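When we follow this note's numbering, the leftmost residue of the sequence shown carries the number 160, and every step to the right adds one.
For every residue, glycine included, the Cβ atom is placed at its ideal position computed from N, Cα and C.
As the structure is a prediction and not an experimental result, all values here were calculated from the model.
Heads up: the structure comes next, in structure tokens.
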Amino acid sequence: MEKLKHYLNYYPIYILIILIFGVFLYWRSSTHYLDISSFCSISIDKDFLRGNRETIQKALLAIKQNDSGSYKLICRNVDRIAEDLCPNDHTYGGPWELIRPGCFIKGTRIIYIEPSPDKSKGTILERAEAIKSSVILLNQYLHSGKTP
160 MEKLKHYLNY
170 YPIYILIILI
180 FGVFLYWRSS
190 THYLDISSFC
200 SISIDKDFLR
210 GNRETIQKAL
220 LAIKQNDSGS
230 YKLICRNVDR
240 IAEDLCPNDH
250 TYGGPWELIR
260 PGCFIKGTRI
270 IYIEPSPDKS
280 KGTILERAEA
290 IKSSVILLNQ
300 YLHSGKTP
């Protein structure tokens, strides 16, 4: 009985730890694409006024379901997908590769996708194709002997 009372004294701490962990997972899943089974975590930067993070997450899910090779490349080579226009002033890593509706800048592990508030299946598929095309070019660049 004494042992049980001892454990019950720590019960509020256990609940607090579980709540903090739950809040962290909720925040992480709202700002990242998180796939625990594939050890894949990609930060998604949403354009506040014109963007839609959900369509990028659904595009990544569609890629996972339909093209596992590209999905593995994405998880291995992409750190962030930024919902933003392709930057014109690219001083970090050299020229950018334009893949409509997105691009990536050589020397980074960031894919830029043009902002769109549209939630249609067509937008999701368009974004999935842009992400796949960008990651193929990014992979070619990374394995061409240059380091990002």
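Return helix, strand or coil for residue i, following the three-state DSSP convention.
i	result
PHE198	coil
TYR192	strand
SER275	coil
SER303	coil
TYR170	helix
ASN211	coil
Among all the DSSP beta bridges, which residues are the ones paired with residue i?
i	result
ILE270	ILE240, PHE263
ASP204	ALA241
Using the beta-carbon count (16 or more within 10 Å), is residue i buried or exposed?
i	result
ILE195	exposed
TYR314	Because residue 314 is not part of the residues shown, which for the chain are 160 to 307, the question remains open.
THR214	buried
TYR192	buried
ILE172	exposed
Look at the Cβ atom of residue i, then the Cβ atom of residue j, and state whether they are nearer than 7 Å.
i	j	result
GLY261	TYR271	yes
SER202	ARG239	yes
LYS205	ILE283	no
ASN211	PRO276	yes
So, do the segment 286-302 and the segment 257-272 have three or more beta carbon pairs nearer to each other than 8 Å? With a cut-off of 8 Å, the segment 257-272 and the segment 286-302 count as touching, because enough Cβ pairs lie within range.
Three or more beta-carbon pairs under 8 Å between the segment 221-231 and the segment 180-191, yes or no? no
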